[in-house]
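Structure record follows, encoded as C-alpha cells.
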Amino acid sequence: MSDSETQTYVLQTAGFDARFPNTNQSRHCFQAYVDYFRCVNAKGEDFPACKTFWRTYHSLCPNEWIAKWDEQREENKFPAKLD
283 MSDSETQTYV
293 LQTAGFDARF
303 PNTNQSRHCF
313 QAYVDYFRCV
323 NAKGEDFPAC
333 KTFWRTYHSL
343 CPNEWIAKWD
353 EQREENKFPA
363 KLD
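What follows is the structure, encoded as C-alpha cells:
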C-alpha cells in the first residue's frame with residue numbers, strides 16, 4: 283500500500299444494555315448468543331437486529347465459549363431454547 287492509500291478501521295464493541303449494568307459481561311455474552319440464534323430462526327441471518335446480536339456476542343464472548351456452545355447446539359445439548 284502506498285502512502286497515498288489509507289484504510290480506515292472502525293472499532294466497535296457492544297453497546298450499553300440496561301439488563302446488564304455490572305462490569306461482568308458473562309450473562310450479556312450468553313444472552314446475545316441466544317438472542318442471535320432466536321433471531322436467525324425467526325427472521326433470517328440478514329435481518330439487521332440479528333447482525334447486531336452476532337457482533338455483540340463475538341465482541342463479548344471468549345472464542346472457547348462460542349466453540350463449546352456451537353458444539354452443544356449441533357449435539358442438541360445447548361442449555362437454552364433457541365426457537
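Okay, so the sequence shown: first residue is 283 according to this note's numbering, each after it adds one. Where is the CB? At the ideal position from N, CA and C, for every residue including glycine.
Residue i - DSSP class collapsed to helix/strand/coil
i	result
Leu364	coil
Asp299	coil
Glu287	coil
Asn345	helix
Gln307	coil
Asn358	coil
Glu353	helix
Contact check, residue i vs residue j, beta carbons under 8 Å
i	j	result
Tyr315	Cys343	yes
Asp365	Asn323	yes
Ala296	Thr338	yes
Phe312	Cys321	no
Residue i: first and last residue of the uninterrupted alpha helix (DSSP H) it sits in
i	result
Lys333	330-342
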